[in-house]
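For reference, the structure discussed in these notes is given below.
Protein chains: 2
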Amino acid sequence: MKAVILRDLGGPEQYRIGDVDIPSLGEDEVLVRIRAAAFNRRDIFIRKGEYPGIRLPAIPGADGAGEIAAVGKGVKDLAIGDKVVINPALNWGNDERIYTKDFSIVGVPTNGTFAEYINVPRENVFPKPEHLSWEEAAALPLGGLTAYRALLTKGKVKKGEAVLIPGIGGGVATFLLQMAVALGTNVFVTSSSEEKIQKAISLGASGGVNYKEPNWEKQLRKWMPEGADLCIDSVGGDNFVKLLNIAKHGSRIVTFGATACPVPQLVMPKIFLKQIDVIGTTMGSPAEFQSMLSFYDKHKIKPVIDSVFSIEEIREAQLRIEKGVNFGKVVVIMPWHEL
Amino acid sequence: MKAVILRDLGGPEQYRIGDVDIPSLGEDEVLVRIRAAAFNRRDIFIRKGEYPGIRLPAIPGADGAGEIAAVGKGVKDLAIGDKVVINPALNWGNDERIYTKDFSIVGVPTNGTFAEYINVPRENVFPKPEHLSWEEAAALPLGGLTAYRALLTKGKVKKGEAVLIPGIGGGVATFLLQMAVALGTNVFVTSSSEEKIQKAISLGASGGVNYKEPNWEKQLRKWMPEGADLCIDSVGGDNFVKLLNIAKHGSRIVTFGATACPVPQLVMPKIFLKQIDVIGTTMGSPAEFQSMLSFYDKHKIKPVIDSVFSIEEIREAQLRIEKGVNFGKVVVIMPWHEL
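Okay, structure coming up:
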């Protein structure tokens, strides 16, 4: 089968398209013929070697949707042709709070979704929501799951609350925005791009500030005089200290990433005097994956697609993520050709 | 009346005993004749000027117990001679999560407990637990309240869990230790003093390490192979980063202080990849104060008293806290004499 192969760590030129064997199928596994896949920032980290557990050569990609092409002996409830999305969280286990020691994410160290076929455990495929195209379905899994857990399970967001999402534009951030808007909260965003702020407002954000302008915190204060009830942060760095200022007393800051890591000086007294909960989260449980799909289905929300590339354009595709110019998900579609 | 008066910021010599008017009584207030009072680290911060809202001259002291000496017109359910402890959290309000804007702690900016009499709102006095002496009752309020909220409300501690209390010896830490032991958890402590570790073990701690020794984290790992379920920290600083290493995946770190603040480099990925909740807390609500008293009553626990001084020895008394040599509370007792 055709697949994107990462032979060595390095730049986008390391993505090559090659021929590999179709994966053999375990008893409780299914083979999915990928129709569309999507990029995550994680894929860039892996390509650069900034991720634990990398084994090369590897087929990258955590997000994908497609049709069942074969089922293992133990799988009785799926048939060839069934349309599915893949939950990229492997071996989460039964504890909602935390995954097991065998946990991994599709793409590293197991084979990923930038391929014609992928084998995954039966429990990791879910029916594709009918209102979504293949591109939209492929865009949803990792980001939607992360956002769902961050916003609902960990953030315990409530209608009418003021929610701050710093750094709007990335996949998870746009999922957070969509879900928070659907839940009737007042969402505020930050970005270095006026265009992204306008897009966020068109998606229902109540306001946005350019964090390259001076006094951006002041503007947020005007909109949220008592501060934010919930901040959901993937930036870290200096920004995190500012979030502690913007956060309301007794509020929550959920953190799922730190692109500007490390936080240079975390002033602990702000956390305890303001009685703030700083809540770490990553990925989500199978139950949360199902709830996230149901949420998108119930509210008939479609993931925000930044751009769609053919798989031959994979190097260009990933550049949009690496440069941070994307607003929403970058999707790659099949069928397969030589690069 | 006689009172300890802080006229200027500075060293312990700034504590003077002087004569001031007995406070006038508001309609919903009571006048308490103090029998015993206790020191908190907060009192040292105030004396040095390292605390917000200081107005001088001031009568310091947040902790106290004594007898009702007079009641305001609106107070119908207390009589002169009733034995009470003072809840030092003024104007918490009705929200369990956070106090109101009018919140303050007895001692700054209102008058404190190092005095013959103090006036406090009716709602801030509670019946003295009968099994406690005056010294013990005076030792309990601020530290017991802080510890109760940190361990139970915020930390949601459960029987059988591994609880880590860094820096054992301070008032709140010893309350945490007592309550966590009473709840059937396995408590581990850290200290720079072997003597304090031994005292903690005699109070029911399962083990303790000297953080001046190399590899102290390794020893904790041996006792808690999966890590700590709950850390309750008031140290901050470098130590906080180590706590993130010792914390179990999916665990909680409650923070109520930062004597070694600020945290130099908080590695955010540890918080989100390990899915840790960092939970800020300070003081507690009236309901928590009542629950704390009931807890000490139900389990018939007595606060750990480090030492008892007469009020004339107030300068020596506070030095035990300032030097960090105390294990448990430093109490000062009346009656009044000239210094």
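Listed in order, the protein sequences are those of chains F and B.
Residue numbers for the first sequence follow numbering that gives the first Met the number 0, beginning at 0 and rising by one.
Residue numbers for the second sequence follow numbering that gives the first Met the number 0, beginning at 0 and rising by one.
Backbone N, C-alpha and C define an ideal beta-carbon position, used for all residues, glycine too.
- request: Kindly indicate if chain B contains any beta-carbon less than 9 Å away from that of F:Arg-319.
  value: By one-based count along the first sequence, residue 319 of chain F stands at place 320. False, the Cβ-Cβ gap to chain B never drops below 9 Å.
- request: Give the straight-line distance between the Cα atoms of B:Glu-315 and B:Ile-16, rounded to the nearest whole angstrom.
  value: Along the second sequence, read from residue 1 onward, the residue named residue 315 of chain B stands at position 316. Along the second sequence, read from residue 1 onward, the residue named residue 16 of chain B stands at position 17. In a straight line, the C-alpha of B:Glu-315 is about 14 Å away from that of B:Ile-16.
field: 9 Å Cβ cutoff, F:Pro-285 in contact with chain B
entry: Against the first sequence, residue 285 of chain F aligns to sequence position 286. For F:Pro-285, the answer is no, since every Cβ of chain B falls outside 9 Å of its Cβ.
message: Using CA atoms only, rank isn't needed, just tell me which of B:Glu-66, B:Asp-94, B:Gly-92, B:Ile-97 is closest to B:Val-83.
response: Translated into the one-based positions of the second sequence, residue 83 of chain B becomes position 84. Among B:Glu-66, B:Asp-94, B:Gly-92, B:Ile-97, the Cα nearest to that of B:Val-83 belongs to B:Glu-66.
- prompt: CB-CB under 8 Å to B:Trp-215, same chain, minus the five flanking residues each way: which ones, in chain order?
  reply: Looking up residue 215 of chain B in the second sequence gives position 216. Within the same chain, B:Trp-215 has close Cβ partners Thr-189, Val-208, Asn-209.
message: Which same chain residues end up closer than 8 Å to B:Gly-52 when comparing Cβ atoms and leaving out the 5 residues on each side of it in sequence?
response: Position 53 of the second sequence, counted from the start, is the residue given in the question as residue 52 of chain B. Cβ-Cβ distances below 8 Å link B:Gly-52 to Ser-103, Val-107, Pro-108 in the same chain, with the five nearest sequence neighbours on each side left out; the list follows chain order.
message: Measuring only the C-alpha atoms, how far is B:Glu-311 from B:Val-3?
response: Within the second sequence, residue 311 of chain B is the residue found at index 312, counting from 1. Within the second sequence, residue 3 of chain B is the residue found at index 4, counting from 1. Roughly 9 Å separates the two Cα atoms.
- prompt: Where are the beta strand (DSSP E) runs, 3 residues long or more, that stay fully inside the segment 295-331 of chain B, in chain order?
  reply: Runs found: 304-309.
Buried or exposed by the 16-neighbour rule on C-beta atoms within 10 Å, applied to B:Gly-279: Position 280 of the second sequence, counted from the start, is the residue given in the question as residue 279 of chain B. Looking at its Cβ environment, which holds 16 or more other Cβ atoms inside 10 Å, B:Gly-279 is buried.
- request: Classify F:Thr-99 as buried or exposed, calling it buried when 16 or more other Cβ atoms lie within 10 Å of its own Cβ.
  value: Translated into positions along the first sequence, residue 99 of chain F becomes position 100. Result: exposed.
- prompt: In whole angstroms, what is the alpha-carbon distance linking B:Ser-293 and F:Val-330?
  reply: Counted from its first residue, the second sequence places residue 293 of chain B at position 294. Counted from its first residue, the first sequence places residue 330 of chain F at position 331. Answer to the nearest angstrom: the Cα atoms are 59 Å apart.
- prompt: Assuming B:Ala-137 contacts B:Ala-35 under a Cβ cut-off of 8 Å, what Cβ separation, rounded to an integer in Å, is found between them?
  reply: Locating residue 137 of chain B in the second sequence gives position 138, where the first residue counts as 1. Locating residue 35 of chain B in the second sequence gives position 36, where the first residue counts as 1. With 8 Å as the limit, B:Ala-137 and B:Ala-35 qualify as a contact, their Cβ atoms being about 4 Å apart.
field: One or two residues paired with F:Gly-194 in a DSSP bridge
entry: Translated into the one-based positions of the first sequence, residue 194 of chain F becomes position 195. The sequence as given places Glu at residue 194 of chain F; Gly does not occur at that position. Looking at the DSSP assignment, F:Glu-194 forms no beta bridge with any residue, so it has no partner.
- request: Would you kindly report the start and end of the unbroken beta strand (DSSP E) that includes B:Val-266?
  value: Within the second sequence, the letter at position 267 stands for residue 266 of chain B. No beta strand (DSSP E) contains B:Val-266, which DSSP labels as neither H nor E.
message: Are the CB atoms of B:Val-171 and B:Ala-149 within a distance shorter than 9 Å?
response: Here residue 149 of chain B refers to the residue found at position 150 when the second sequence is read from its first residue. Here residue 171 of chain B refers to the residue found at position 172 when the second sequence is read from its first residue. Yes, they are a contact pair.
field: Contacting residues, own chain, Cβ-Cβ under 6 Å from B:Asn-90 (five flanking each side not counted)
entry: By one-based count along the second sequence, residue 90 of chain B stands at place 91. Once the five neighbours on either side are set aside, the close Cβ partners of B:Asn-90 are Thr-99, Asp-101, Phe-102.
task: Closer than 7 Å by C-beta to F:Glu-337: which residues in its own chain qualify, once you throw out the five before and the five after it? Chain order, please.
output: Within the first sequence, the letter at position 338 stands for residue 337 of chain F. Note that F:Glu-337 has pLDDT 47, beneath the 50 cutoff, so the model's placement of it is unreliable and no number is given.
message: Taking the alpha helix (DSSP H) that B:Glu-377 belongs to, which residues open and close that run?
response: With chain B covering 0 to 338 only, the question about residue 377 of chain B has no answer from this structure.
message: What would DSSP say about B:Glu-122, mapped onto helix, strand or coil?
response: Within the second sequence, the letter at position 123 stands for residue 122 of chain B. Residue state for B:Glu-122 is assigned as helix, using DSSP reduced to three classes.
query: How about F:Val-253 and B:Met-267: are their beta carbons less than 9 Å apart?
result: In the first sequence, counting from the first residue as 1, residue 253 of chain F sits at position 254. In the second sequence, counting from the first residue as 1, residue 267 of chain B sits at position 268. Result no, Cβ atoms of F:Val-253 and B:Met-267 do not sit closer than 9 Å.
task: Find the residues of chain F that neighbour B:Leu-265, judging by a C-beta separation of less than 7 Å, and give them in chain order.
output: Position 266 of the second sequence, counting from 1, holds the residue named residue 265 of chain B. Under a criterion of Cβ atoms nearer than 7 Å, the residues of chain F adjacent to B:Leu-265 are, in order, Pro-261, Val-262, Leu-265.
message: Counting only beta-carbon separations shorter than 9 Å, does B:His-248 have a partner in chain F?
response: Position 249 of the second sequence, counting from 1, holds the residue named residue 248 of chain B. Among the CB atoms of chain F, one or more fall inside 9 Å of the CB of B:His-248.
- prompt: Taking the Cβ atom as the reference point for each residue, do B:Trp-222 and B:Ser-250 lie within a distance shorter than 9 Å?
  reply: Position 223 of the second sequence holds residue 222 of chain B. Position 251 of the second sequence holds residue 250 of chain B. No.
task: On the DSSP bridge assignment, give the partners of F:Arg-342 in chain order.
output: Given a span of 0 to 338 for chain F in the structure shown, any question on residue 342 of chain F remains unanswerable.
- prompt: Is the segment 73-88 of chain B touching the segment 281-289 of chain B in the sense that three or more CB pairs, one from each, lie closer than 8 Å?
  reply: By the Cβ criterion, the segment 281-289 of chain B is in contact with the segment 73-88 of chain B, since at least three pairs of Cβ atoms, one from each stretch, lie closer than 8 Å.
message: When you compare the CB of B:Tyr-98 with every CB in chain F, is at least one pair closer than 9 Å?
response: Residue 98 of chain B sits at position 99 when you count from the first residue of the second sequence. With a threshold of 9 Å between beta carbons, B:Tyr-98 makes contact with chain F.
message: So with CB distances below 8 Å, who are the chain B contacts of F:Val-277?
response: By one-based count along the first sequence, residue 277 of chain F stands at place 278. Per Cβ cutoff of 8 Å: Ile-270, Asp-276, Val-277, Ile-278, Gly-279.
message: Does B:Thr-254 come out as helix, strand or coil in the three-state DSSP assignment?
response: Within the second sequence, numbered from 1, the residue matching residue 254 of chain B stands at position 255. Three-state DSSP puts B:Thr-254 in a strand.
Euclidean distance between Cα positions of B:Thr-281 and F:Arg-41: Locating residue 281 of chain B in the second sequence gives position 282, counting from the first residue. Locating residue 41 of chain F in the first sequence gives position 42, counting from the first residue. So the two alpha carbons sit approximately 37 Å from each other.
message: Assuming B:Gly-73 is part of the beta strand (DSSP E), what are its boundary residues?
response: As a first step, residue 73 of chain B is located in the second sequence; it is residue number 74 there, counting from the start. No residue range can be given for B:Gly-73, since it is assigned to no beta strand (DSSP E) and is classified by DSSP as neither H nor E.
Beta strand (DSSP E) runs contained entirely in the segment 205-236 of chain B, provided each spans 3 or more residues: Fully enclosed beta strand (DSSP E) runs of 3 or longer: 206-209, 227-232.
field: beta strand (DSSP E) segment containing B:Lys-82, residue limits
entry: Position 83 of the second sequence holds residue 82 of chain B. Its beta strand (DSSP E) spans residues 82-85.
Short CB-CB distance (under 9 Å) between F:Asp-94 and chain B: Your numbering for residue 94 of chain F matches position 95 in the first sequence. Yes, F:Asp-94 counts as interfacial toward chain B.
- prompt: Between the Cα of B:Thr-152 and the Cα atoms of B:Ala-37, B:Lys-217, B:Gly-168, B:Met-178, which residue gives the shortest distance?
  reply: Numbered from 1 along the second sequence, position 153 holds the residue referred to as residue 152 of chain B. Taking B:Thr-152 as reference, the option from B:Ala-37, B:Lys-217, B:Gly-168, B:Met-178 with the minimal CA-CA separation is B:Met-178.
Alpha-carbon to alpha-carbon, F:Ala-161 and B:Gly-111: Stepping through the second sequence from its first residue, residue 111 of chain B is reached at position 112. Stepping through the first sequence from its first residue, residue 161 of chain F is reached at position 162. In a straight line, the C-alpha of B:Gly-111 is about 38 Å away from that of F:Ala-161.
query: Since F:Phe-255 meets chain B, which of its residues come closer than 9 Å, beta carbon to beta carbon?
result: Position 256 of the first sequence, counting from 1, holds the residue named residue 255 of chain F. Simply Phe-271.
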